[in-house]
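J.: Going by my numbering, the final residue of the sequence shown carries number 469, and the count climbs one at a time with no gaps.
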Amino acid sequence: MLNNVSGKIHSGSFPVQHRTGMTAPQAESNSEPSLPTDRLSTQPQLDSKEFKMLLDPSKFKHVPKALDKLRDKVSEAAEETGRKLETPKKEEVRTQDIIFLDTEDHALKDQGYILRYRDIHGGSKDDNLTLKFRDNDAQKVAGANVDAAEGLAAKPKFELDETFQDTETSVFSKSNKVKVPHLPATTVENMTEYFPHLGELGLAPDTKLKKMHGGDIVEERYLVGNVKVGKHETAPAYLTLWYDDAHQETPAVAEFSFAHGVHDTASGVDQTSEEMMRSLHDNAPKWLSH
180 MLNNVSGKIH SGSFPVQHRT GMTAPQAESN SEPSLPTDRL STQPQLDSKE FKMLLDPSKF
240 KHVPKALDKL RDKVSEAAEE TGRKLETPKK EEVRTQDIIF LDTEDHALKD QGYILRYRDI
300 HGGSKDDNLT LKFRDNDAQK VAGANVDAAE GLAAKPKFEL DETFQDTETS VFSKSNKVKV
360 PHLPATTVEN MTEYFPHLGE LGLAPDTKLK KMHGGDIVEE RYLVGNVKVG KHETAPAYLT
420 LWYDDAHQET PAVAEFSFAH GVHDTASGVD QTSEEMMRSL HDNAPKWLSH
């Protein structure tokens, strides 16, 4: 949940749809809101839902101790909603450098697109380039072109992100990622070799894409545990910390999240996930980012 703007990273989000009945602050938007999330049956088929909560970064100066406390809070919220958090037998953390790319005047962001490169530490061969489109209109997002170039193994993902802060917000996203051995040359023409639609956004082929947020962002992702969301389904829950640089002791942004497939209303799975996040919100106010 990082804003794709120049300067240092900070908490925030792209256009959001505020849930029915909530009093919402002003939010940047590319279009009129689509139908409320409780009427998603009339919307294009989603692949998954992700549930998120921004946390107070100052709590995570000493990560191991804070992570244990967070697990306790999440476990309590899971139990209150009839679920269980299965904690990992050993700590799992993935560290990676993230680079957001855009034009000097944010032409990609202004059209709803995010272009992101991930360099995963530890000699991983999973470094990747991702193109994402975000908006609060489900139909618009479903129709967005994030296709990878022919011959590249990639499949678009259509997701609903629900964020639980002082107000509950939701935004649709469609993304696609391709594996790359390194960051490609950062011009529009070079990037169209991976995502051809970037060449159809009205930008000259030689347009330079610069690093946003002042350069590389360091991301650490910790496995909080696995939330049992159904008889045969568990959802990994993560704590993600973002740092302006590798020497920063306290993260700039902290987020708790988990995701799972979309279920029919009768199953109650999606609704219980929302209730679990509300329980976490209500029982851990001092942990929230405001």
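Just so you know, even glycine gets a beta-carbon here, dropped at the ideal spot from N, CA and C.
For clarity, every value in this text was computed on a predicted model and none was experimentally measured.
Would you mind working out which of Lys-231, Asp-423, Gly-261, Thr-274 sits nearest Thr-346, comparing C-alpha positions?
T.: Minimum Cα distance to Thr-346 is reached at Lys-231.
J.: Go ahead and label Val-195 buried or exposed: buried means 16 or more other beta carbons lie within 10 angstroms of its beta carbon, across all protein chains shown.
T.: Unreliable placement is indicated for Val-195, whose pLDDT of 38 sits below 50; the coordinate value is still reported in the next sentence. It is buried - the Cβ of Val-195 has at least 16 other Cβ atoms within 10 Å.
J.: Measuring CB to CB, does Glu-265 end up less than 9 Å from Asn-462?
T.: Not in contact: Glu-265 and Asn-462 (Cβ atoms no closer than 9 Å).
J.: On the criterion of 16 or more Cβ atoms from any shown chain inside 10 Å, does Gln-430 qualify as buried, or is it exposed?
T.: Checking the sequence, you will find Pro at residue 430 rather than Gln. Buried: at least 16 other Cβ atoms inside 10 Å.
J.: Which value, in whole angstroms, describes the spacing of the CA atoms of Pro-243 and Val-441?
T.: Their backbone Cα atoms lie some 32 Å apart in a straight line.
J.: Rounding to the nearest angstrom, what Cα-Cα distance links Phe-351 and His-426 in this structure?
T.: Distance between the alpha carbons of Phe-351 and His-426 is about 34 Å.
J.: Taking the beta carbon of His-241 as the centre, do at least 16 other beta carbons fall within 10 Å, making it buried, or is it exposed?
T.: His-241 is exposed by the Cβ-count criterion.
J.: Using 9 Å as the threshold, is the C-beta distance between Thr-371 and Leu-362 below it?
T.: No, they are not a contact pair.
J.: Is Leu-459 close to the ligand MG? I mean its beta-carbon at under 8 Å from any heavy atom of the ligand.
T.: The ligand MG is not among the ligands present in this structure, which contains no ligands whatsoever.
J.: Helix, strand or coil for Glu-258? Go by DSSP, reduced to three states.
T.: DSSP places Glu-258 in helix when its eight states are reduced to three.
J.: Would you identify the three-state DSSP class for Thr-444, choosing helix, strand or coil?
T.: Helix at Thr-444.
J.: Keeping to the same chain, check which residues put their C-beta closer than 7 Å to that of Ala-257; ignore five residues upstream and five downstream.
T.: Closer than 7 Å at Cβ, skipping near neighbours: Lys-263, Leu-264, Val-406, Met-455.
J.: Could you tell me which whole beta strand (DSSP E) segments of length 3 or greater appear in the region 390-415?
T.: Within the region 390-415, the complete beta strand (DSSP E) runs of at least 3 residues are 396-409.
J.: Roughly how many whole angstroms lie between the Cα atoms of Ala-416 and Ala-433?
T.: Going by the C-alpha atoms only, they are around 13 Å apart.
J.: What do you get for Asp-305, buried or exposed, if any count of 16 or more other CB atoms within 10 angstroms of its CB means buried?
T.: Looking at its Cβ environment, which holds fewer than 16 other Cβ atoms inside 10 Å, Asp-305 is exposed.
J.: Considering only residues of the region 239-290, which uninterrupted alpha helix (DSSP H) runs meet the minimum length of 4 residues and lie entirely inside it, listed in chain order?
T.: You should have 242-259, 286-289.
J.: Quick one: using the 10 Å Cβ neighbour count with 16 as the cut-off for buried, is Val-253 buried or exposed?
T.: So Val-253 ends up on the buried side.
J.: Excluding five sequence neighbours on each side, which residues of the same chain lie with their C-beta closer than 6 Å to the C-beta of His-439?
T.: If we look at His-439 and ignore the five residues flanking it on each side, its Cβ neighbours are Val-408, Ala-414.
J.: Give me the Cα-Cα distance between Ala-323 and Lys-353, rounded to the nearest whole angstrom.
T.: If you take the alpha carbons of Ala-323 and Lys-353, they lie about 7 Å apart.
J.: Measure the C-alpha to C-alpha separation of Leu-311 and Asp-298 and round it to an integer number of angstroms.
T.: Looking at the sequence provided, one finds Lys at residue 311 rather than Leu. Lys-311 and Asp-298: Cα-Cα distance of roughly 17 Å.
J.: For Asp-326 and Leu-420, what's the separation of their Cα atoms in angstroms?
T.: Approximately 29 Å, taken between the alpha carbons.
J.: Which term fits Val-272, buried or exposed, when burial requires 16 or more other beta carbons within 10 angstroms of its beta carbon?
T.: The residue in question, Val-272, is exposed, as its Cβ has fewer than 16 Cβ neighbours within 10 Å.
J.: Only counting the same chain, and skipping five residues up and downstream in sequence, which positions put a Cβ closer than 8 Å to that of Glu-338?
T.: Leu-225, Asp-226, Ser-227, Lys-228, Glu-229, Phe-351, Ser-352, Lys-353, Ser-354, Ala-438, listed in sequence order.
J.: So for Asp-345, helix, strand or coil by DSSP?
T.: If DSSP states are grouped into helix, strand and coil, Asp-345 belongs with coil.
J.: Assign His-392 to buried or exposed, taking buried as 16 or more other Cβ atoms, counted over all protein chains shown, within 10 Å of its Cβ.
T.: Buried, by the Cβ-count rule.
J.: Would you report the Cα separation of Gln-318 and Leu-459, rounded to the nearest angstrom?
T.: For Gln-318 and Leu-459, the distance between alpha carbons rounds to 31 Å.
J.: For the alpha helix (DSSP H) containing Ala-433, name the first residue and the last one.
T.: Segment 432-439 is the beta strand (DSSP E) holding Ala-433; no alpha helix (DSSP H) there.
J.: Quick one: which unbroken alpha helix (DSSP H) runs of 4-plus residues sit fully inside the region 298-353? Chain order, please.
T.: Counting whole runs of 4 or more residues, the region 298-353 contains the alpha helix (DSSP H) stretches 317-321.
J.: Using the Cβ count rule (16 or more neighbours within 10 Å means buried), how would you classify Glu-412?
T.: So Glu-412 counts as exposed.
J.: On a CA-only basis, which of Asp-247, Phe-374, Leu-382 is nearest Glu-329? Give me that one, please.
T.: Residue Phe-374 is the option with its Cα nearest to Glu-329.
J.: Under 6 Å Cβ to Cβ from Ala-333, same chain only, skipping five residues before and after it: list those, please.
T.: Only Ala-327, Asn-355, Val-357 meet the Cβ criterion.
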